[in-house]
Structures are given as structure tokens and as C-alpha cells.
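Chemist: Residue numbers (the working numbering), protein chains in the order written: chain A, 21 to 242; chain B, 22 to 560; chain C, 57 to 163.
Glycine included, C-beta positions come from ideal geometry on N, C-alpha and C.
None of the values given here were measured: they were computed from a predicted structure.
1. Beta carbons nearer than 8 Å to chain B: which residues of the segment 142-153 of chain C have them?
2. Are the segment 155-164 of chain A and the segment 110-127 of chain A touching by the rule of at least three beta carbon pairs closer than 8 Å?
3. Run down chain A in chain order and give the residues with a C-beta less than 7 Å from the C-beta of residue 84 of chain C.
4. Can you find a C-beta in chain A that's less than 7 Å from the C-beta of residue 13 of chain B?
5. Residue 129 of chain C versus chain B: which residues are under 9 Å apart at the beta carbon?
6. Provide the residue(s) that pair with residue 205 of chain A in DSSP beta bridges, ordered along the chain.
7. May I have the straight-line CA-CA distance separating residue 295 of chain B from residue 285 of chain B, to the nearest angstrom?
8. Any contact of the segment 149-158 of chain B with the segment 74-87 of chain B, i.e. 3+ C-beta pairs under 8 Å?
9. Going along chain A in order, which residues have a C-beta closer than 8 Å to the C-beta of residue 459 of chain B?
10. Would you report the Cα separation of residue 74 of chain C and residue 108 of chain A, rounded to the nearest angstrom?
11. Mark residue 186 of chain A as exposed unless 16 or more other C-beta atoms lie within 10 angstroms of its C-beta, in which case mark it buried.
12. Measuring CB atoms only, is the segment 387-394 of chain B touching the segment 342-351 of chain B, in the sense that at least three cross pairs come out at less than 8 Å?
13. Tell me, please, whether the segment 367-385 of chain B touches the segment 403-423 of chain B by the rule of three or more beta-carbon pairs shorter than 8 Å.
14. Residue 122 of chain B and residue 205 of chain B look like a contact to me (Cβ under 8 Å); what is the Cβ gap, rounded to whole Å?
15. In terms of residues, what are the limits of the alpha helix (DSSP H) holding residue 132 of chain B?
16. So with CB distances below 8 Å, who are the chain A contacts of residue 107 of chain C?
17. Is the segment 182-193 of chain B in contact with the segment 130-148 of chain B, if contact means three or more CB pairs nearer than 8 Å?
18. Which bits of chain B does residue 153 of chain A rub up against, with CB to CB less than 8 Å?
19. Taking only runs of the beta strand (DSSP E) that begin and end inside the segment 489-557 of chain B, which ones reach a length of at least 3 residues, in chain order?
20. Give, in chain order, every unbroken run of the alpha helix (DSSP H) that is at least 4 residues long and sits entirely within the segment 193-275 of chain B.
21. If you drop the 5 nearest sequence neighbours on each side, which residues of the same chain put their C-beta closer than 7 Å to that of residue 170 of chain B?
22. For residue 102 of chain A, does the count of other Cβ atoms within 10 angstroms reach 16, so buried, or fall short, so exposed?
23. Taking just the CA atoms, how far does residue 81 of chain C sit from residue 212 of chain A?
24. Check whether the Cβ atoms of residue 127 of chain B and residue 36 of chain A lie closer than 7 Å to each other.
25. Give me the Cα-Cα distance between residue 92 of chain A and residue 208 of chain B, rounded to the nearest whole angstrom.
26. With three or more C-beta pairs closer than 8 Å as the rule, is the segment 527-535 of chain B touching the segment 442-458 of chain B?
27. Applying a beta-carbon distance threshold of less than 7 Å, which residues of chain C neighbour residue 59 of chain A?
28. Chain B beta carbons: is any one of them nearer than 7 Å to that of residue 156 of chain C?
29. Helix, strand or coil: how does DSSP classify residue 369 of chain B here?
30. Does residue 116 of chain A pass the burial test, meaning 16 or more other C-beta atoms within 10 Å, or should it be called exposed?
31. Restricting to Cα atoms, I'd like to know which of B:351, B:264, B:334 and B:168 is closest to residue 304 of chain B.
32. Assuming contact is defined by CB atoms lying nearer than 7 Å, are residue 461 of chain B and residue 81 of chain B in contact in what I supplied?
33. Evaluate contact between the segment 504-515 of chain B and the segment 488-496 of chain B, counting only Cβ atoms and requiring at least three cross-stretch pairs below 8 Å.
34. May I ask you to verify whether the segment 63-79 of chain A touches the segment 230-242 of chain B, counting CB pairs closer than 8 Å and requiring at least 3?
35. How would you label residue 364 of chain B, buried or exposed, when you count the other beta carbons within 10 angstroms and need 16 or more for buried?
36. Under a three-way DSSP split, which group does residue 282 of chain B fall into?
And the structure:
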């Protein structure tokens, strides 16, 4: 049996691990597996969406037409940019550039907040247009029931996505604090990297939500 | 192999006293015991429901409880047993305790997450308990829409939320196990040197991670539909109730493999130790575990043959359901082959293992009958189905759980239980179980529907047999509670390896120290390297 | 201390040059512009095909480059592909029901 090595204990090394490398690989694998669960979690909603779009294509097109395309497009651009700044933040952490790391984290958080702001504006508009099922819903009688299913899915899917964004902002706030304090170093930047994985995943969900919700039947003249 | 029969001075049970040292522990072994307390409690809540149900069913008339109360009883029985006992029991009690030890690690990859998982489990359970005391739920544990989303006036939302919350406990535990097994094995411990219990636990964790999120979103949709009247599953609003069933069973079928795979893993360990032989065809048993996990995700539509599913989809699901039986059968053949020419023993854990092999085979074979659409159409929603799944969940999973609990009890507690009493309890459970559930195959085939609190008088004899069996089974379950707790104080000291078994867990003390091993082991042997039996020739 | 887990490769941290991030960002923005523009033309079923194809391409770029999967272990690849495969099972097998319900039944 090998004796346990008397190791120089890095302050961030947890007792169950033998090395920072092992800890990093475990944390990364853990985050990836968590993202798998998120794929299946959103997946149930995507299945519901696929089923009803297959069954009621015209109602879905008519309802989708009511969404604010420019808001969705800007939000897509905002999130893609935030993924860029997040990747640059991880790069800064890896190369030991604390100032850039802090800067990119702040920009990422600002972009995330902009996203949520635009989303809030959209929700308010949809409330005014009476497209909120369960609250004040009204729609063209030809598509009334089936469009309601679309709007229900729209609010559920974008709402769940927004909740994940808010949680992401919370995570970024913690990362910002650790970055400012100097906890993050080129030897130990795992928290930034796995937070980045989460952030990119939330971006990917939106990459699918945008065309599926906003871009059905856009060519039709209603 | 000589083992030192003393309790070590320092071990995980006396490493810190007081309630906070338990409620704030990061030690996977203590967390396993926290789960043991939790699942045992929920088992008896679910069991109490069953007692009242079997009392009602002893007579044909619905005279003990009203039909609405009966609906609430079978619903809560199912919810408690499935989500708060069967799914967490073996992975979170035996798995939590054994996974790090079996791979030679100090703890799981994420100990704080492990503790958090336990709290989530308890909070979810409390939500569902609240629903129970606040008047119950009457939808069946399957929550079929639109009854659950529109018409039911009972506490659907708290129950659904409770299961939703507890689901995250399963997800996080599965995540923890997968990362641990991939990244924290001791030097020399390759995948094919792992004990088969770990292969089963790994396969179970895959299912937990891939399937549970879908039931989570489904229950969220049920709650949302109840509150906001969305209409996803309500035909009056353009929705399809069968979509709910697709979403529900996508998880709930693999869930039954979450329940049985860990028990199979336990049985592999018991058979090897009890027969002093390596498990026959180790790679096949290992791959069979993963195959069950994968194939188990492809068959959910067999719960919906009569629900309005397309007959073409039904045929696909039927064929896939036949396929999934193959890896299970491989395991049964391999365990049997292991016993052949082995030094077969009859200690209590082995009794449970043999019970599992026989009863799981019956349950599994009746599953094949159900995979055939033509048969399923006749016996759906009868007691045949009830008997089928109880043979697997009780005859299979609970036998595996009890067998494992007895086998590893000396390691967990440092004490030996009373073997005579334990054997008697095992036999009482076996007899009680078969008396309870075999008549249900017959009465179901004869046409008695499930989820009814009254039935035609010609079914009474079989129901009385079943209820009598249930009372015997109940006694059988209480006995291990008694003698295991008794052994904590008065049992003989176990020593590090009372069974003379091969495995990393038996190389450390009983109970183990908090860090599991004095030094990290280096593994150079296969999983079940028992000495070859001495051949004797009879002239 | 030597590597304590025989299964895990000692993976040197790969630093992706930032230039690559900016190129990928540009492609993603271009794809976004394209997908919105295409939506305003009536291409029948191709609208959906185009929208999903572009979305899959964008997601792949984010996964491969921003999430570093291109430079990651086989295990990471297996996890990513596994999640897509399982989502596909959920969608495909359920759709076998919905797309065949209207077909002729037997008898």
C-alpha cells in the first residue's frame, strides 16, 4: 500500500481529492452531468412544443406572429455576446489576468441583465395585448384554444429560461466576488470554467427557443 | 482469513457526538444512516396505507372505508413506496455507504452536495406528508390527466411538488456517484476490477440523471395546469391526456430499473460471497447492467397500450419490451452458474439472495406476458399487473435491500445480528410475500380490477388469502427492525471481515474510520478472487 | 503525487487563443441575422428545416468552442452526445405515436 503523500495542501483542495487536477476534473464532469439533466428538463417542454406544433401548425403560426421579433432578435444577439465575454473571462482567469477577468464578468452580468430587461418589456407588452393564459387571455376565435397552448408554452419556456438566467446572474455575482478577492488563480480557476459552462448552456437553450417561438410563419401576412 | 474481532477505538460513529455532528455531517457513511432513518420512516407510512387497504379487501363489500378514501389510500401507498422508499433505499443507504469504500476513496466527489441531497429528500417527503395529513390525494401515484389537472379536488399540488423536490435528491446523488466512480478509483482499480454492485450503482445513476428531470418537468406542468388552466393535457382546451402519459412513463418506466438494478447489484455481491466464487461471466453481468439502463428508456409505451396510443407505436414498444428482458435473464443465468459447484451457504443474506432470484424471475417473466399487446389488453388495470410489479419491487427490490442490509450490517455497525432470528424473519417474509401476491395473479387474471375498494363475491377467497399473507409479511418486516436495533447494543462484535469475503470494504475495520482507510489501497486483484475450491474425489 | 485515478487522463489545460472566440462570435451573429431573414420568406417546410439547421449549427459552435468540448476528453464528448441522444429518444419515440395515429388500423 502506498502511504498517503504529505502534500503541500493548496487551500482550495478538498480533503476527498488527492490533487487539484483530480478535483478540477471531478468538478467539470459534475457540471457537465448537471447540464445533461437540464437538457432533459427543458426537453419535456420541447416535446410538448413539438407535439402541439405538429397538431396545430396554423394556430402556432398565428400566435407566433404576435411575438415581438426585434426584441427576440436583440436578445439573441445580447446572449451570444455574453457567451463571448464569458469565454473571454475564462481565458483571463486561465492566463492570470485578474483585471480582465473582473471586467468580462461584469460585462457578462450587464448583458444578462439587459436580456432580462427586454424580456420584462416583452412580458408587459404581452400582458397589454391580452396574450397571457390564465390571466387575461383573448385571441382570434379561429385559433383561440390552440393559440392559448402556444402562449402557455411561450411563457413557461421563456419563464423557465429567465429563471435560469437569474440563477446564472447569482452565480456570476459569486464568481465576481471571488475574482476580486484573488481566490481565482491560474492554478485554480475551475469555478469560473464551470460557471461558464452553465452560462453557455443557458445561451444554447435560447438559441433553440428563439426560432421555435418567434420565427414560425413570419412570412405570412396577417 | 483471520480477522481481528475487536471494535476499533476510533471510527465514524464515535467521531463526533451530538445532533449537529449528524445533521451537518459530510461523511457519506453518516449520510447513509440519515437516509436509512428517512426511508424506513416512509416505508412504514406507505405500509400503513397497505394495511388498511388489505383489511378493506378482506371482504367484497366496500365497508371499511369509502371509495374516495380508498382512492387516497392506494395513491399515498404508491407515492410513498415508489418515490420515498424504493427509489432511494438501496442507492442512498447502501450506495452512499459503500461506493467510496469499494473504490478505495475517502468520500464521494461532492460530500456537501450529498448532505444537501438528504435535506432535499426530507423536505420533499414532508411536502407529501403534509398532503397526506391535509386530506390526501386520490389521483393514483400515476397522476393521470385530466383528472389530476382539472377534476380532482384533493391535494395534488403539494404531493406533486414533494415528488418534484425529492427528485432532485435522486439527480444529485446519481451525479455524485457517476463522478466518483469515474474520477476517484484507487490506483490499480480498473473498471473491470470493480465489484458488480458498483456497475449496477453506476447504471442506476445513469437512469437517475437522464430520467428524473423529465418527471420533474411533468409534475411542474401538472401543477401549472391546475393553477393556470393551461390545457396541455385537457381535451376541452385542445390538449392530449396521452401526452401526459408519454412524459410520465418516460421516467416512470426507467424508474422501475432504478428500483431493481441496485438490488441486482447487491445480489451479485451476495452470491459471490455466499458461494465463495467469482460471479460467472463478470463482463456479461457488468454490460447487462448498462444494457438494462439503456434499453429501459425505450419501452415506456407499454404502459399505454389501451390508452389511445397508436397501434404502430404500440408494436414498436412491445418489441423493445421483449428485448429489455434479455439482459435481466443474462444476470439470472449468471448468478445460477455462479452457484453451480460453489460452496453454497445458507446464511440470512444468502436466503434473501435466493429469494430474489426466484421471485424476480417470476415477476420478470410475467412482465413478458404483459409486453405482448394481446395479453396486456385483457389484464391491464387488473390485479395481474399489481402482482407483477409487487413481485419485482417487493420480491425483488426489498429482498435485495434486506439481504444487503444484513450482509453489510456488521460493517456498518460493527455488530452481528442474531442469525437464528434473522433466518426466521427471512422465511416469514418469503412465505408472507408469496401468500400475499401470488393469489393476486390469479384473481387478476380472473378479472378483478385494481384500485377498487369493493369486488364481486366470487373473488373473496383469493383476497382473504392475500390479506392473510399481508399480515404475515407485516410481522416479517417488523422483526429485522427489532433485532437489528437490538444488535447495536447487545450484538457480538463483528470484526473487520465476519463473512470471510473478498472486497475492499472487508479490508478496513468494522465500523470503518471516518476516512475509510488508514492508507489509500492499491488494487492488484480482480473483484472476486476467492481461493479455488479444493477438489475431492470420491472413489 | 502521481495520478490517483487510473481512469482519468492527466489533462493539460488547453488555452484557446482569443482570436478563435471572436471568429466564432462573428459566425454566430451572422447565423442569427440569416435565420431571421430566412423566416420572412415562404419556403414551406424548408423554413423549419432552415431554422433548426442554423440553430443546431450555432449550438454546436458554442459547445465546441466556447464550452471547449473540441479540446476535451472522450468522456466529455460521450456526455454531450449522450444528452442529445436521450433527448432524441424522448422526441422520436413519442412522435411515432403522434404521427401514426391517423393511419389505418387493423381489422
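Modeler: Here's the rundown:
1. 142, 145, 146, 149, 150, 152 and 153
2. no
3. 100
4. The requested residue 13 of chain B is not part of the displayed model; chain B covers only 22 to 560.
5. Residues of chain B passing the Cβ test: none, with the nearest at roughly 10 Å.
6. A:208
7. 15 Å
8. no
9. Chain A residues near residue 459 of chain B: none, gap ~38 Å exceeds 8 Å.
10. 7 Å
11. exposed
12. yes
13. yes
14. Between residue 205 of chain B and residue 122 of chain B the Cβ distance is about 12 Å, and since that is not below 8 Å, they are no contact.
15. 132-154
16. 231, 232 and 235
17. yes
18. 249, 250, 251 and 252
19. none
20. 217-249
21. 243, 246, 247, 254 and 255
22. buried
23. 20 Å
24. yes
25. 52 Å
26. no
27. 139 and 143
28. yes
29. helix
30. exposed
31. B:351
32. no
33. no
34. yes
35. exposed
36. helix
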